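Colleague:
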Amino acid sequence: LPQAICNQVDHACRSLLWSKSGGSRFWALVDWETISSPKEDGGLGIRDASRMNTALLGKLIWDVVQYPEKPWVVLCQQKYLVDESIFSAIKVAGSSPVWSSIMKAVEVLREGYKPHLADGRSSMWFDDWLGIGKLSNFVQFVHISDSDKCVNHFWDQGTWNWSLLYTVLPQVLRDSIQQVQIPSSRAGVDSFAWRGDPSGCYTVVSGYTFLRKVWKLQVPEKVKFFIWQGLHGVLPTNQLRVVRHMGSEAACTCCDCPQETILHVLRDCPTSRQVWLESGMAQTVSLSITDAFVWLRSIIDNKHAGFLVMILWWLWRFRNNRNFQGTSWSVNFLKRQIAISNVQNVLFNDRRNHWSTVSVWCSPNAPSVKLNVDGSWLQQQQAMGRGGVIRDAAGRWKGGFSAGSREGDALCAELLALEEGLLLCWEEGFRHIVCESDCLGAV
Numbered sequence: 173l174p175q176a177i178c179n180q181v182d183h184a185c186r187s188l189l190w191s192k193s194g195g196s197r198f199w200a201l202v203d204w205e206t207i208s209s210p211k212e213d214g215g216l217g218i219r220d221a222s223r224m225n226t227a228l229l230g231k232l233i234w235d236v237v238q239y240p241e242k243p244w245v246v247l248c249q250q251k252y253l254v255d256e257s258i259f260s261a262i263k264v265a266g267s268s269p270v271w272s273s274i275m276k277a278v279e280v281l282r283e284g285y286k287p288h289l290a291d292g293r294s295s296m297w298f299d300d301w302l303g304i305g306k307l308s309n310f311v312q313f314v315h316i317s318d319s320d321k322c323v324n325h326f327w328d329q330g331t332w333n334w335s336l337l338y339t340v341l342p343q344v345l346r347d348s349i350q351q352v353q354i355p356s357s358r359a360g361v362d363s364f365a366w367r368g369d370p371s372g373c374y375t376v377v378s379g380y381t382f383l384r385k386v387w388k389l390q391v392p393e394k395v396k397f398f399i400w401q402g403l404h405g406v407l408p409t410n411q412l413r414v415v416r417h418m419g420s421e422a423a424c425t426c427c428d429c430p431q432e433t434i435l436h437v438l439r440d441c442p443t444s445r446q447v448w449l450e451s452g453m454a455q456t457v458s459l460s461i462t463d464a465f466v467w468l469r470s471i472i473d474n475k476h477a478g479f480l481v482m483i484l485w486w487l488w489r490f491r492n493n494r495n496f497q498g499t500s501w502s503v504n505f506l507k508r509q510i511a512i513s514n515v516q517n518v519l520f521n522d523r524r525n526h527w528s529t530v531s532v533w534c535s536p537n538a539p540s541v542k543l544n545v546d547g548s549w550l551q552q553q554q555a556m557g558r559g560g561v562i563r564d565a566a567g568r569w570k571g572g573f574s575a576g577s578r579e580g581d582a583l584c585a586e587l588l589a590l591e592e593g594l595l596l597c598w599e600e601g602f603r604h605i606v607c608e609s610d611c612l613g614a615v
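Per the working numbering, residue 173 is the first one in the sequence shown, and the count goes up by one each step.
1. How is Thr331 classed by DSSP in three states: helix, strand or coil?
2. Just how far apart, CA to CA, sit Asp440 and Leu459?
3. For Leu468, report the span of its alpha helix (DSSP H) as first-last.
4. Going by beta-carbon coordinates alone, are Asn514 and Met482 separated by less than 8 Å?
5. From Lys451 to Lys507, what does the alpha carbon distance come to, in whole angstroms?
6. Considering only C-alpha positions, which residue in the set Ile472, Ser319, Leu588, Gly567 is nearest to Ser294?
7. Tell me whether Thr499 is buried or exposed, calling it buried when 16 or more other Cβ atoms sit within 10 Å of its Cβ.
8. In angstroms, rounded to a whole number, what distance separates the CA positions of Gly613 and Trp204?
9. Tell me where the alpha helix (DSSP H) around Glu205 begins and ends.
10. Find the nearest neighbour of Ala144 within the set Pro243, Asn225, Ile207, Lys242, judged by alpha-carbon distance.
11. Using 8 Å as the threshold, is the C-beta distance between Trp387 and Leu435 below it?
12. What separation, rounded to the nearest whole angstrom, lies between the Cα atoms of Ser272 and Ile262?
13. Three Cβ pairs or more, each shorter than 8 Å: is that satisfied between the segment 297–307 and the segment 239–257?
14. On the three-pair Cβ rule with 8 Å, is the segment 549–558 touching the segment 576–586?
15. Around the C-beta of Ala221, are 16 or more other C-beta atoms found within 10 angstroms, so that it is buried, or is it exposed?
16. If the criterion is Cβ atoms closer than 8 Å, does the pair Phe364 and Val237 meet it?
17. Tell me whether the beta-carbon of Thr487 lies closer than 8 Å to the beta-carbon of Val545.
18. Can you have a look at Trp301 and say buried or exposed, based on whether 16 or more other CB atoms are within 10 angstroms of its CB?
19. On the three-state DSSP scale, how would you describe Ser260?
20. How long is the line joining the alpha carbons of Thr529 and Glu608, rounded to whole angstroms?
21. Buried or exposed: which applies to Gly217, given that a residue is buried once 16 or more other Cβ atoms fall within 10 Å of its Cβ?
22. Tell me which same chain residues have a C-beta within less than 7 Å of the C-beta of Asn493, skipping the five on either side of it?
23. Along the alpha helix (DSSP H) that carries Asp347, what are the first and last residues, could you check?
24. Helix, strand or coil for Glu579 per DSSP?
25. For Gln553 and Tyr380, what's the separation of their Cα atoms in angstroms?
26. Evaluate Lys242 with the Cβ neighbour count: other Cβ atoms within 10 Å of its Cβ, from every protein chain shown; 16 or more gives buried, anything less gives exposed.
27. With a CB to CB cut of under 6 Å and the five nearest residues on each side skipped, what residues in its chain are close to Leu173?
28. Would you say the segment 313–332 touches the segment 345–363, given that touching needs at least three Cβ pairs under 8 Å?
29. Go ahead and pull the three-state DSSP assignment for Val530.
30. I'd like the ranges of any alpha helix (DSSP H) spanning at least 4 consecutive residues and lying wholly in the segment 356–396.
31. What whole-angstrom Cβ distance do Ile605 and Leu543 have, given they're in contact under 8 Å?
32. Which class does Asn544 belong to by DSSP, given the choice of helix, strand or coil?
33. Return the first residue and the last residue of the alpha helix (DSSP H) that Val457 is part of.
34. Flag this pair as yes or no: are the beta carbons of Val518 and Cys597 separated by less than 8 Å?
35. I need the straight-line Cα distance from Gln343 to Ala422, nearest angstrom please.
Have a look at this one:
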């Protein structure tokens, strides 16, 4: 569905909840993000149309991955994929609307998939078994001794044996391949598995949950974006900078590790490991998982996710400060900043929960009406504004006003709002009035 249609569907759902007559104008007392949350999280469980649309498109991606014999999949593979996997395919000009939609969903869901090896009969160099494209595209040439080798040729008792390799393979790719689990049984064919479900199979529910998980964290938006980058494998570590031709040195600047990966920065670097151990949270997270995506997901699913994510955030800031400012913070300084940020985050979330509680409009008892007023003062413009609304016990609009002037101050604006609001109520014939203002000084 086009985004405009998804927006209309969401608007129709909101209208059904808040508009008595089904009109296009209504007062939403609870934000859409809360409404579209699961019931166990305090929402109504109404699905967000855009996320649901992407999750449903994920079923088509799963068909391409698991059922290549389906006629429509065969057609799309011949027309758009050209022996590449769907995860490394590029957008083709003039693609059908269906395929264009699938490719948009791939951009969002790609990181939810991982290589799932079985018999290992995929060509090491000329099949896209890793999900990043053919490995032959990442080397200058494939040695003639390796050209006919399958993936399983490089397996040796459950590990990768690079001594059997003649082709010069970049260390970055070796590290990526090293994280791919070698199966204990060689039954089946090589494919991809969905990380969001223990069975490895994609479901619409798990796809929808995957899209929501990061953005539900109660941390600052910049920290959510940082975690989102980590899940997508695009944190600009030195390793990634070399791959993207943005740098020439992939090593960690803090220790002698030759590859600064996401896991190295956030967990395995000696300084990072010391912070984890001294924070008292090392026992709550795994320090042995070799897949960055899986490790970050385990942190997001942890009951202490808010605190753990702030540790990651400050470890990343420590790395950036060292690399780009030339200064190195001590472990004690990092621990203090993590503790301060966590306290600030908890206090902010408490205030936000309080705001969301007290900001809900409460109706008066009939036959009273409620007058809500507010005033504001703009110091630079030397101007003030004021306004108010009158509603009855059913929440129906009974009147309102707004005005502005060039002289006064903040308290004056609030007092004038009260005065004009009460005068309007009197003129409209209301004698039982409940008045609300956010200015204690005016009240």
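Glycine included, each C-beta is placed from N, C-alpha and C at the ideal position. Please read these numbers as outputs of a predicted model, since none were measured by experiment.
Modeller: On the basis of the coordinates in this document:
1. strand
2. Going by the C-alpha atoms only, they are around 8 Å apart.
3. 464–472
4. It is a contact, given that the beta carbons lie within the stated cut-off.
5. The question names Lys, but residue 451 is Ser in the sequence shown. Computed Cα separation, rounded: 7 Å.
6. Ser319
7. exposed
8. 34 Å
9. 204–207
10. Missing from the structure shown is residue 144; the chain here goes from 173 to 615 and no further.
11. no
12. 10 Å
13. yes
14. yes
15. buried
16. yes
17. The sequence shown places Leu at residue 487, rather than the Thr named in the question. Cβ distance not < 8 Å, so Leu487 and Val545 don't count as in contact.
18. Classification for Trp301: buried.
19. coil
20. Because Thr529 sits at a pLDDT of 47, beneath the cut-off of 50, its placement in the model cannot be relied upon, and the following sentence gives the value as read from the coordinates. Those two C-alpha atoms are separated by around 16 Å.
21. Exposed is the label assigned to Gly217, since fewer than 16 other Cβ atoms lie within 10 Å of its Cβ.
22. Spatial neighbours of Asn493 in its own chain (CB-CB distance under 7 Å, excluding positions within 5 residues in sequence) are listed in chain order as Thr499, Trp501.
23. 343–350
24. coil
25. 47 Å
26. exposed
27. Asn225
28. yes
29. Since pLDDT at Val530 reaches only 49, below the 50 mark, its modelled position is unreliable, and the value read off the structure follows with that caveat. Reduced to three states, the DSSP call for Val530 is helix.
30. 376–385
31. 6 Å
32. In the three-state reduction of the DSSP assignment, Asn544 falls in the strand class, which pools E and B.
33. Per DSSP, Val457 belongs to no alpha helix (DSSP H) and is neither H nor E.
34. no
35. 10 Å
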